[in-house]
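For reference, the structure discussed in these notes is given below.
Numbering (our numbering), first residue to last: 3 to 397.
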């Protein structure tokens, strides 16, 4: 899209850090001083940016530094896994104001889960002593394929009864601000690339927990695919299934049926070792259980086999492994690297890193915040809002 020098496009440049002064803006865009002054006055009056004088010594005029006004704009974020959830209240710049975690089984009735989410969000506002009038948006990650345009899950294998549920609208109506919903792996990848790999354009995030999914980040943004099911690698068929286990999708031979946390817990139970969840598998590995360690390394090899194709197609700079099983660290990563490097050409992998998530279980809420900010403060959204709402809602 051509640059039209709209207020929204100016805000995007300021938010990105590419411009910090009026002169920067003139030099980058070629705009006249009067046009720059007009656009900045619109953004300042509407509460989107602030201009602060900063002295550069005793002589000369002080420089005026432009920055996004983020402190009074709040975001509610939730990363919902299959069995547990993390909730966070942040400002638009990412400062964590309140957090909560709890066990939450998302395969329950949607109404039960969403009411819990709304309660926790209200609890966070109370914890931080903030008012919901300051909210600019809500971001939620689900362990399911999601139609991002509608905020509705699409035939989620581990969340029966959630297909087509208006998750975004339900949350928006309850809390009075825009809500956005995406697949959890997409948000994990977005959080990781923005917070820990800001200079990386292409990143592949692989979540290995109760299920297996991938978030594809291209050009610094999630690539969701045409129906929101991009990255659903857990249902790729592996060449040599461990056994005849049936996947939750109903098929046999799926990667998730053999290499996910739930699959490893099942295999350990069949060997007479008590394990119900992926966290139990991690605990057993930490305790040095040889069966658990062997199964995790084998799972890494199966995952590496599937990732070899993904790497050949996407050529990412970084492959990040996250989710509960990533807490086994090198036990999982050794298997992934072994098979991945064996199945791909050196030209693809020589400069590619395969690493454990740096953000851990906070990656999802960071990604949810970035999703909200990207949507609410996109050039198009800001320009549309300035036409109808002369000022951003006051805090």
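Ideal Cβ positions, reconstructed from N, Cα and C, are used throughout, including at glycine. From a predicted model like this one, the values you see are computed outputs, not experimental measurements.
Residue 98 to residue 130, Cα distance in whole Å? Translated into the one-based positions of the chain shown, residue 98 becomes position 96. Translated into the one-based positions of the chain shown, residue 130 becomes position 128. Between the C-alpha atoms of residue 98 and residue 130 there is a straight-line separation of about 10 Å.
For residue 169, which beta-bridge partners are listed by DSSP? Taking the first residue of the chain shown as position 1, residue 169 is located at position 167. According to DSSP, residue 169 bridges with nothing at all.
Relative to the C-alpha of residue 218, which candidate in 326, 312, 109 has its C-alpha closest? For this step, residue 218 is matched to residue 216 along the chain shown. For the residues 326, 312, 109, the minimum Cα distance to residue 218 belongs to 312.
Under the three-state reduction of DSSP, which class applies to residue 54: helix, strand or coil? The residue you call residue 54 lines up with position 52 of the chain shown. In the structure shown, residue 54 sits in a strand (DSSP, three-state: E or B).
Looking at residue 147 and the ligand GDP, is the gap between the Cβ and the nearest heavy atom below 6 Å? The ligand GDP is not part of this structure, which contains no ligands at all.
Taking just the CA atoms, how far does residue 346 sit from residue 338? As a first step, residue 338 must be located in the chain shown, where it is residue number 336. As a first step, residue 346 must be located in the chain shown, where it is residue number 344. The alpha-carbon atoms of residue 338 and residue 346 are separated by roughly 12 Å.
Between the alpha carbons of residue 271 and residue 48, how many angstroms are there, rounded? Position 269 of the chain shown holds residue 271. Position 46 of the chain shown holds residue 48. Using only the alpha carbons, I get a separation of about 59 Å.
Alpha carbon of residue 96 to alpha carbon of residue 267, nearest angstrom: On the chain shown, residue 96 is found 94 positions in, with the first residue counted as 1. On the chain shown, residue 267 is found 265 positions in, with the first residue counted as 1. Whole-angstrom Cα-Cα distance: 36 Å.
Length of the line joining the Cα atoms of residue 252 and residue 259: As a working note, residue 252 is residue 250 in the chain shown. As a working note, residue 259 is residue 257 in the chain shown. Each residue's Cα considered, the two are about 10 Å apart.
So if DSSP puts residue 98 in a beta bridge, which residue, or which two residues, is it bridged to? As a working note, residue 98 is residue 96 in the chain shown. DSSP lists 92 as partners of residue 98.
Just how far apart, CA to CA, sit residue 55 and residue 286? Against the chain shown, residue 55 aligns to sequence position 53. Against the chain shown, residue 286 aligns to sequence position 284. Near 57 Å, if we compare the C-alpha coordinates of residue 286 and residue 55.
Proximity of residue 9 and residue 388 at Cβ, strictly below 7 Å: In the chain shown, residue 9 corresponds to position 7, counting from 1. In the chain shown, residue 388 corresponds to position 386, counting from 1. Contact flag set, yes.
Which first and last residues belong to the alpha helix (DSSP H) in which residue 46 is found? Within the chain shown, the letter at position 44 stands for residue 46. 35 to 47 is the extent of the alpha helix (DSSP H) around residue 46.
Any idea what DSSP makes of residue 73, helix, strand or coil? By 1-based counting over the chain shown, the position of residue 73 is 71. Residue 73: coil per DSSP, three-state reduction.
May I ask you to report which of helix, strand or coil DSSP gives residue 455? Absent from the structure is residue 455, since the part of the chain shown begins at 3 and ends at 397.
Contact the stretch 180 to 194 vs the stretch 222 to 237: 3+ CB pairs below 8 Å: yes
Is it true that the CB of residue 15 sits closer than 7 Å to the CB of residue 82? If you number the chain shown from 1, residue 82 lands on position 80. If you number the chain shown from 1, residue 15 lands on position 13. The answer is no: Cβ separation not under 7 Å.
Using a threshold of 7 Å, state whether the C-beta atoms of residue 78 and residue 91 are closer than that. Position 76 of the chain shown, counted from the first residue, corresponds to residue 78. Position 89 of the chain shown, counted from the first residue, corresponds to residue 91. Cβ distance < 7 Å, so residue 78 and residue 91 count as in contact.
Straight-line Cα distance separating residue 94 from residue 273: As a working mapping, residue 273 is identified with position 271 in the chain shown. As a working mapping, residue 94 is identified with position 92 in the chain shown. Near 49 Å, if we compare the C-alpha coordinates of residue 94 and residue 273.
Beta-carbon proximity list for residue 397, same chain, < 6 Å, skipping 5 on both sides: As a position in the chain shown, residue 397 is number 395, starting the count at 1. Since pLDDT at residue 397 reaches only 44, below the 50 mark, its modelled position is unreliable, and no value is offered.
Would you call the stretch 303 to 320 and the stretch 204 to 214 in contact, with 3 or more CB pairs under 8 Å? yes
Using only the alpha-carbon positions, how far apart do residue 340 and residue 171 sit? Counting from one through the chain shown, the residue named residue 340 turns up at place 338. Counting from one through the chain shown, the residue named residue 171 turns up at place 169. Distance between the alpha carbons of residue 340 and residue 171: 44 Å.
Does DSSP put residue 364 in a helix, a strand or coil? For the purposes of this step, residue 364 is taken as residue 362 along the chain shown, with counting starting at 1. In this structure, residue 364 counts as helix in the three-state DSSP scheme.
Chain-order list of residues whose beta-carbon lies under 7 Å from that of residue 330 (same chain, five-residue window excluded): Within the chain shown, numbered from 1, the residue matching residue 330 stands at position 328. If we look at residue 330 and ignore the five residues flanking it on each side, its Cβ neighbours are 284, 287, 298.
State buried or exposed for residue 114, treating a residue as buried only when at least 16 other CB atoms are found within 10 Å of its CB. In the chain shown, counting from the first residue as 1, residue 114 sits at position 112. Classification of residue 114: exposed, given that the 10 Å Cβ count is below 16.
My output table needs one value for residue 248: the three-state DSSP class, helix, strand or coil. For the purposes of this step, residue 248 is taken as the residue at position 246 of the chain shown. Correct three-state label for residue 248: strand.
Could you tell me which whole alpha helix (DSSP H) segments of length 4 or greater appear in the stretch 175 to 244? 186 to 197
If you measure between the beta carbons of residue 17 and residue 198, is that distance less than 7 Å? Locating residue 17 in the chain shown gives position 15, where the first residue counts as 1. Locating residue 198 in the chain shown gives position 196, where the first residue counts as 1. In this structure, residue 198 does not lie closer than 7 Å to residue 17 by Cβ.
Check each candidate in 11, 175, 220, 243 and name the one with the smallest Cα separation from residue 320. In the chain shown, residue 320 corresponds to position 318, counting from 1. By alpha-carbon distance to residue 320, the top candidate from 11, 175, 220, 243 is 220.
Sort out for me which residues DSSP pairs residue 140 with in a bridge. Position 138 of the chain shown, counted from the start, is the residue given in the question as residue 140. Answer is 78, 181.
Check whether the Cβ atoms of residue 80 and residue 142 sit closer than 7 Å, and answer yes or no. As a working mapping, residue 80 is identified with position 78 in the chain shown. As a working mapping, residue 142 is identified with position 140 in the chain shown. Yes, the Cβ-Cβ distance between residue 80 and residue 142 is below 7 Å.
Just checking my contact of residue 356 with residue 342 at CB under 8 Å: how many whole Å lie between their CB atoms? Taking the chain shown and counting its residues from 1, the one referred to as residue 356 is at position 354. Taking the chain shown and counting its residues from 1, the one referred to as residue 342 is at position 340. The pair is a contact, with the Cβ atoms about 7 Å apart (cut-off 8 Å).
Tell me whether residue 155 is buried or exposed, calling it buried when 16 or more other Cβ atoms sit within 10 Å of its Cβ. Reading the chain shown from its first residue, position 153 is the one you call residue 155. Looking at its Cβ environment, which holds 16 or more other Cβ atoms inside 10 Å, residue 155 is buried.
Proximity to residue 150 [Cα-Cα], best of 236, 185, 162, 290: As a position in the chain shown, residue 150 is number 148, starting the count at 1. Among 236, 185, 162, 290, the Cα nearest to that of residue 150 is on 185.
Supposed close pair residue 160, residue 84 - CB separation, criterion 8 Å: For this step, residue 160 is matched to residue 158 along the chain shown. For this step, residue 84 is matched to residue 82 along the chain shown. Confirmed, Cβ separation roughly 6 Å.
In chain order, what residues of the same chain have a beta carbon less than 8 Å from the beta carbon of residue 248, not counting five sequence neighbours either side? As a position in the chain shown, residue 248 is number 246, starting the count at 1. Excluding sequence neighbours, residue 248 sits near 254, 259.
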